[in-house]
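Participant:
Number of protein chains: 4
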Amino acid sequence: MQSRTPASRAGRPRSAAADTAILAATREALVELGWSKLTLGDVATRAGVAKTTLYRRWAGKNELVVDAVAELFDELRLPDCGTLAADIEGVVLQYAAILARPEAKSGLMSVVAESIRDEALRERIRASIVERQKRLVLEGRARAQQRGELPPESDPEEAARTVDLIFDVVAGAVVHRTLVSAEPADEEWVRSFARILLFGLTGAGEDHDAAPPPAEGP
Amino acid sequence: MQSRTPASRAGRPRSAAADTAILAATREALVELGWSKLTLGDVATRAGVAKTTLYRRWAGKNELVVDAVAELFDELRLPDCGTLAADIEGVVLQYAAILARPEAKSGLMSVVAESIRDEALRERIRASIVERQKRLVLEGRARAQQRGELPPESDPEEAARTVDLIFDVVAGAVVHRTLVSAEPADEEWVRSFARILLFGLTGAGEDHDAAPPPAEGP
Amino acid sequence: MQSRTPASRAGRPRSAAADTAILAATREALVELGWSKLTLGDVATRAGVAKTTLYRRWAGKNELVVDAVAELFDELRLPDCGTLAADIEGVVLQYAAILARPEAKSGLMSVVAESIRDEALRERIRASIVERQKRLVLEGRARAQQRGELPPESDPEEAARTVDLIFDVVAGAVVHRTLVSAEPADEEWVRSFARILLFGLTGAGEDHDAAPPPAEGP
Amino acid sequence: MQSRTPASRAGRPRSAAADTAILAATREALVELGWSKLTLGDVATRAGVAKTTLYRRWAGKNELVVDAVAELFDELRLPDCGTLAADIEGVVLQYAAILARPEAKSGLMSVVAESIRDEALRERIRASIVERQKRLVLEGRARAQQRGELPPESDPEEAARTVDLIFDVVAGAVVHRTLVSAEPADEEWVRSFARILLFGLTGAGEDHDAAPPPAEGP
DNA sequence: CTGTAACCGAGACGGTACGTCCTGTCTTCTA
DNA sequence: TAGAAGACAGGACGTACCGTCTCGGTTACAG
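These protein sequence lines are chains U, D, R and W, in that order.
In case it helps, my numbering puts the first sequence at residues 10 to 227.
In case it helps, my numbering puts the second sequence at residues 10 to 227.
In case it helps, my numbering puts the third sequence at residues 10 to 227.
In case it helps, my numbering puts the fourth sequence at residues 10 to 227.
Shown next as structure tokens:
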């Protein structure tokens with residue numbers, strides 16, 4: 010989380026408990042107050058820690074919140090459900106479950122909004138949150154290829170672009186459903202979404218130029 | 010924007026020019042400073058207006074920013090490109106163009122983040138921004154149905170759910186691409202995304218229970 | 010009180026009732042709020058009058074309060090009590106009675122304090138409040154001279170100086186007793202004060218160089 | 010001025026230099042602007058101090074001005090001039106000299122006016138300004154009694170009342186001369202005033218019931 | 001077992017912005 | 001043309017946080 014560069018510097022070492030307490034207090038405050046009303050002084054008080062201690066470890070509110078929220082994504086795992094369809098549903102549901110928590114909603118969107126004007130913050134978010142999720146998409150594809158549900162990629166660059174695209178679609182849809190539409194991304198919704206995504210993925214590769222055939226739905 | 014109730018109340022009427030100046034100043038400040046560093050005092054100064062005038066018309070920063078950003082969406086139109094595929098690409102591109110503007114990025118995401126803890130703000134966003142966009146999805150579907158590209162909906166409730174889903178997918182993908190991945194939603198990306206969406210929409214309705222057939226890509 | 014320049018200007022004449030209502034409202038507000046918390050907007054509301062009307066007639070808070078307080082001194086009269094001693098007591102008691110009223114305390118001292126930095130205000134106070142009181146001292150001396158209690162003045166300039174001195178002593182003592190010591194200037198106090206003043210006045214003229222004889226008091 | 014209670018509390022101690030700078034800046038602002046136009050923000054700026062520092066130590070403008078003005082009275086000393094007459098003149102002159110300073114004029118009268126509606130403020134003024142002066146009256150009487158110019162008091166309660174009366178007369182006269190009449194309390198005026206006071210004090214005790222003898226002046 | 005270096009809590013500090021209130025001016029409608 | 005109503009520019013208010021600093025005290029490793 011922070012630099013620990015050399016070996017074991019002289020002097021009193023930093024309290025490890027403080028880190029835990031601060032991040033927990035941050036999430037608690039996010040739930041109660043939301044990002045914009047969260048103050049570092051209040052977080053310090055909740056954590057039973059001096060404001061100085063907090064500033065010694067994080068540069069500011071944004072960095073602190075990124076770390077606090079990032080811990081929520083530690084539990085994200087890709088379950089092996091046997092089919093690509095089930096895997097997609099599984100990972101989307103997990104992502105939706107995390108975004109259903111108020112500390113994630115409040116914290117994540119706000120720091121993303123802040124990151125628009127702050128390159129370092131954007132990088133921190135990417136490293137500690139986004140990449141962790143994107144790994145799941147990669148794992149899922151590899152597994153589907155092993156099963157024969159998806160063909161092995163021919164052009165690796167094109168394949169990377171597709172992963173990015175899928176990730177934006179999945180994460181974006183869940184985020185928009187949860188935050189903007191403010192409706193729960195429940196099982197039914199996830200199933201509908203996964204259908205569209207699956208058909209999009211498996212159908213979109215067939216023919217790049219032919220118009221798609223007319224269909225009954227939606 | 011504000012009450013317009015009776016006919017022509019007593020006392021000096023509110024300056025219409027002030028509204029315009031304030032909203033423009035707000036967008037300008039959003040571009041330069043971003044949401045979190047935007048100050049109502051600064052906006053007032055830029056607009057050549059007293060702080061009180063600003064507070065007389067808006068309850069706070071969030072309400073002001075929503076109105077300022079909402080004006081950006083006034084220009085959103087659905088072009089009639091002849092085919093569903095082209096229409097989808099067209100509207101996604103337009104939405105992407107708006108989200109490419111820094112005042113939209115900074116403003117929109119921040120107020121959405123704030124709206125998580127503020128029902129009234131969420132409603133204001135829905136009314137002045139979201140609904141305006143969702144109308145385009147409805148228009149596009151009606152047009153596609155006229156052309157015969159999409160069948161008329163049988164269950165109107167199911168149809169409404171589908172519109173919401175599509176909207177979350179489209180808007181979410183563009184938002185995520187633009188803000189989180191911080192890559193431009195350019196023509197190439199939009200074409201790829203529209204392909205997936207089109208196949209998803211036209212293919213997903215075919216058979217609700219059968220597994221999709223294996224495909225080549227990606 | 011204010012300009013009334015020519016004869017009877019064209020257009021709607023100023024409401025005379027408004028003046029009365031405004032001054033009464035000013036005194037009422039002085040009692041309830043004191044000078045520093047009194048606002049012209051509040052006075053206008055109490056008087057059932059628009060702020061504009063108020064500003065059309067008075068230049069500001071200070072001028073308004075001077076006029077409002079000056080009306081309190083209209084009732085000041087010098088009773089003919091038969092002896093100089095009784096006359097002094099009588100006028101001091103009257104002055105004390107006015108200063109016992111909270112609107113006088115609050116208003117008078119504040120405008121005097123303001124007048125330190127405002128020549129025009131000082132002149133207005135002198136004209137509408139101070140001179141009115143000083144007249145009583147002049148009357149009292151004339152009456153005492155007629156009775157033979159005081160000798161006629163030889164040097165008119167010296168006499169004027171003495172009147173000023175007496176006035177400062179009398180008014181100053183009552184003001185200080187009432188405001189700074191915050192004790193009532195009741196009959197007992199006035200009697201003690203009048204004794205000192207009377208002996209001072211009648212004894213001080215006797216011998217300008219000789220040291221006063223030792224005495225029993227105070 | 011503020012609490013000094015325990016030994017050396019935790020945390021960064023308050024800057025002593027700040028107190029000095031703030032009070033000096035307050036007097037400076039009083040001279041330039043007067044009480045009503047004096048701003049706490051401006052005082053803070055002049056003192057090179059943050060507004061918060063100022064509010065941490067004083068409850069408001071009035072308390073601050075009392076303390077700033079009170080320091081002016083620190084220099085007040087009773088000179089031993091040998092006779093009661095000379096002592097009176099000396100102390101009155103000193104008091105007049107302080108009241109001649111614009112910061113005293115502006116500040117003192119305004120806070121006294123405010124104190125009418127604020128018991129705590131009145132007490133603060135009494136403690137830090139009035140009592141300090143009243144001590145001089147006590148010293149002066151004791152000295153005169155040692156010299157035999159005044160008899161020792163028989164009734165201590167009556168004696169206290171007399172001290173209060175004298176103080177109101179002396180302070181009130183100087184204040185009224187300086188502020189209301191707006192004339193300097195110069196040596197000549199002080200001599201005339203001291204004469205009256207001296208005769209009043211030494212003569213008033215002689216006979217409580219007899220009418221004073223007719224005299225030549227004023 | 002003793003420096004000493006880095007930590008810790010507490011809280012004052014110089015700042016910035018807040019949202020409210022009041023001032024004195026103006027603009028409109030009504031009488 | 002006066003008056004009521006109320007919007008306007010401007011500016012001070014007192015509060016809340018920010019991020020920094022200066023204290024007295026406490027660990028825990030190094031000599």
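By construction, the Cβ of each residue, glycine as well, lies at the ideal position given by its N, Cα and C atoms.
No experiment lies behind these values; they were computed from the predicted model shown.
At which residues does the alpha helix (DSSP H) containing U:D28 begin and terminate?
Facilitator: As a first step, residue 28 of chain U is located in the first sequence; it is residue number 19 there, counting from the start. It spans A25 to L42 - the alpha helix (DSSP H) in which U:D28 sits, taken as one unbroken run.
Participant: So for W:D177, helix, strand or coil by DSSP?
Facilitator: Numbered from 1 along the fourth sequence, position 168 holds the residue referred to as residue 177 of chain W. If DSSP states are grouped into helix, strand and coil, W:D177 belongs with the helices.
Participant: Taking the C-alpha atoms as reference points, what is the distance between D:Q103 and D:L85?
Facilitator: To locate residue 103 of chain D, count along the second sequence from 1; it is residue 94. To locate residue 85 of chain D, count along the second sequence from 1; it is residue 76. If I take the Cα positions, the gap works out to 7 Å.
Participant: Can the beta-carbon of U:I125 be found less than 8 Å from the beta-carbon of D:K114?
Facilitator: Counting from one through the first sequence, the residue named residue 125 of chain U turns up at place 116. Counting from one through the second sequence, the residue named residue 114 of chain D turns up at place 105. In contact: U:I125 and D:K114 (Cβ atoms closer than 8 Å).
Participant: Can you tell which of W:W198, W:L81, W:R110 and W:A68 has its C-alpha closest to the C-alpha of W:S137?
Facilitator: Taking the first residue of the fourth sequence as position 1, residue 137 of chain W is located at position 128. The shortest C-alpha separation from W:S137 is found at W:L81.
Participant: Determine the contact status of R:H185 and W:G50, defining contact as a CB-CB distance below 8 Å.
Facilitator: Reading the third sequence from its first residue, position 176 is the one you call residue 185 of chain R. Reading the fourth sequence from its first residue, position 41 is the one you call residue 50 of chain W. No.
Participant: Going by C-alpha to C-alpha distance, which of W:T35, W:E98 and W:G157 sits closest to W:W67?
Facilitator: Walking along the fourth sequence from the start, residue 67 of chain W turns up at place 58. The residue with the shortest Cα to Cα distance from W:W67 is W:T35.
Participant: Going along chain U, which residues have a C-beta under 9 Å from D:G91?
Facilitator: The residue given as residue 91 of chain D occupies position 82 in the second sequence. Those do not exist, as D:G91 stays about 11 Å from chain U at its closest Cβ, beyond 9 Å.
Participant: Measure the Cβ-Cβ separation of U:A203 and U:I97 and say whether it is below 8 Å.
Facilitator: Position 194 of the first sequence, counting from 1, holds the residue named residue 203 of chain U. Position 88 of the first sequence, counting from 1, holds the residue named residue 97 of chain U. Contact flag set, yes.
Participant: Taking the straight line between their C-alpha atoms, what separation do you get for U:T187 and U:V199?
Facilitator: By one-based count along the first sequence, residue 187 of chain U stands at place 178. By one-based count along the first sequence, residue 199 of chain U stands at place 190. Taking the straight line joining both Cα atoms gives about 12 Å.
Participant: Counting only beta-carbon atoms, is U:A105 nearer than 8 Å to chain D?
Facilitator: For the purposes of this step, residue 105 of chain U is taken as residue 96 along the first sequence, with counting starting at 1. So no, U:A105 is outside the interface.
Participant: Since W:L39 contacts W:A53 with CB under 8 Å, what's their CB separation in whole angstroms?
Facilitator: Here the question's residue 39 of chain W lines up with position 30 in the fourth sequence. Here the question's residue 53 of chain W lines up with position 44 in the fourth sequence. Incorrect: roughly 15 Å between the Cβ atoms, too far for contact.
Participant: Give the interface partners of D:K114 over in chain U, defined as CB-CB distance under 7 Å, in chain order.
Facilitator: The residue given as residue 114 of chain D occupies position 105 in the second sequence. Near D:K114 (Cβ distances below 7 Å), the residues of chain U are I125.
Participant: What residue range does the alpha helix (DSSP H) around U:P111 cover?
Facilitator: If you number the first sequence from 1, residue 111 of chain U lands on position 102. Run containing U:P111: P111 to S124, per the alpha helix (DSSP H) assignment.
Participant: Leaving aside the five residues before and after U:H217 along the sequence, list all residues of the same chain whose C-beta is less than 6 Å from its C-beta, in chain order.
Facilitator: Working through the first sequence from its first residue, we reach residue 217 of chain U at position 208. Legend: pLDDT at U:H217 = 43, less than 50; position of this residue unreliable, no value from coordinates given.
Participant: Mapping the DSSP letters down to three states, classify R:D83 as helix, strand or coil.
Facilitator: Here residue 83 of chain R refers to the residue found at position 74 of the third sequence. In this structure, R:D83 counts as helix in the three-state DSSP scheme.
Participant: Can the beta-carbon of D:I205 be found closer than 8 Å to that of U:V178?
Facilitator: In the second sequence, the residue the question calls residue 205 of chain D occupies position 196. In the first sequence, the residue the question calls residue 178 of chain U occupies position 169. Result yes, Cβ atoms of D:I205 and U:V178 sit closer than 8 Å.
Participant: Can a CB atom of chain D be found closer than 8 Å to the CB of U:S45?
Facilitator: Position 36 of the first sequence holds residue 45 of chain U. Yes, because at least one Cβ of chain D sits closer than 8 Å to the Cβ of U:S45.
Participant: Could you tell me which of U:D164, U:F208, U:A169 and U:R156 sits nearest to U:D89, measuring between CA atoms?
Facilitator: Here residue 89 of chain U corresponds to residue number 80 of the first sequence, with the count starting at 1. With distances taken between Cα atoms, U:D89 lies closest to U:R156.
Participant: Quick one: Cα of U:R141 to Cα of D:A56, how far?
Facilitator: On the first sequence, residue 141 of chain U is found 132 positions in, with the first residue counted as 1. On the second sequence, residue 56 of chain D is found 47 positions in, with the first residue counted as 1. Using only the alpha carbons, I get a separation of about 44 Å.
Participant: So R:K60 is in the alpha helix (DSSP H); what residue range does that whole segment cover?
Facilitator: If you number the third sequence from 1, residue 60 of chain R lands on position 51. R:K60 -> alpha helix (DSSP H) spans K60 to R66.
Participant: Would DSSP call R:G50 helix, strand or coil?
Facilitator: To locate residue 50 of chain R, count along the third sequence from 1; it is residue 41. Helix.
Participant: Which residue wins for smallest C-alpha separation from U:T29, given the options U:V78, U:R110 and U:A194?
Facilitator: Counting from one through the first sequence, the residue named residue 29 of chain U turns up at place 20. Among U:V78, U:R110 and U:A194, the Cα nearest to that of U:T29 is on U:V78.
Participant: Short check: CB of R:V189 to CB of W:V100, under 8 Å?
Facilitator: The residue labelled residue 189 of chain R in the question sits at position 180 within the third sequence. The residue labelled residue 100 of chain W in the question sits at position 91 within the fourth sequence. Against a cut-off of 8 Å, the Cβ pair of W:V100 and R:V189 comes out as no contact.
Participant: Quick one, which of W:E158, W:L32, W:L145 and W:V58 has its alpha-carbon nearest W:S87's?
Facilitator: The sequence position of residue 87 of chain W within the fourth sequence is 78, counting from 1. The sequence shown places Leu at residue 87 of chain W, not Ser. Per the Cα distances, W:L145.
Participant: Measure the C-alpha to C-alpha separation of D:A27 and D:P111 and round it to an integer number of angstroms.
Facilitator: Within the second sequence, the letter at position 18 stands for residue 27 of chain D. Within the second sequence, the letter at position 102 stands for residue 111 of chain D. For D:A27 and D:P111, the distance between alpha carbons rounds to 23 Å.
Participant: I want to see whether chain U comes within less than 8 Å of D:R36, judged by CB atoms only; does it?
Facilitator: Residue numbering aside, residue 36 of chain D sits at position 27 when the second sequence is read from its first letter. Answer no: the Cβ-Cβ gap between D:R36 and chain U never drops below 8 Å.
Participant: Contact criterion: CB-CB distance below 8 Å. Does D:R13 meet it with respect to chain U?
Facilitator: Here the question's residue 13 of chain D lines up with position 4 in the second sequence. Its pLDDT being 40, under 50, D:R13 is placed unreliably by the model, and the measurement read from it follows with that caveat. For D:R13, the answer is no, since every Cβ of chain U falls outside 8 Å of its Cβ.
Participant: For W:D195, tell me which candidate among R:E196, R:E197, R:T211 and R:L174 has the shortest Cα-Cα distance.
Facilitator: Residue mapping note: residue 195 of chain W aligns to position 186 of the fourth sequence, counting from 1. When each option's Cα is compared against that of W:D195, the closest is R:L174.
Participant: Pull out every residue of the stretch 164–181 of chain W whose Cβ sits closer than 7 Å to any Cβ of chain R, in chain order.
Facilitator: Answer set for the stretch 164–181 of chain W: T171, D173, L174, D177, V178, A180 and G181.
Participant: Going by C-alpha distance, which of U:D83, U:R23, U:A105 and U:P160 is nearest U:G212?
Facilitator: As a first step, residue 212 of chain U must be located in the first sequence, where it is residue number 203. Nearest of U:D83, U:R23, U:A105 and U:P160 to U:G212, Cα basis: U:P160.
Participant: From the DSSP output, in three-state form, read off R:P193 for me.
Facilitator: By 1-based counting over the third sequence, the position of residue 193 of chain R is 184. R:P193 falls in the coil class under three-state DSSP.
Participant: For a contact defined as C-beta to C-beta under 7 Å, what are the partners of W:L188 on chain R?
Facilitator: Counting from 1 along the fourth sequence, the entry for residue 188 of chain W is found at position 179. Ordered by position in chain R, the residues that pass the 7 Å Cβ test against W:L188 are V121 and I125.
Participant: Leaving out five residues on either side along the sequence, give the residues of the same chain with a beta carbon under 7 Å from the beta carbon of W:V58.
Facilitator: Here residue 58 of chain W is taken as the residue at index 49 of the fourth sequence, counted from 1. The residues are A27, A30 and I31.
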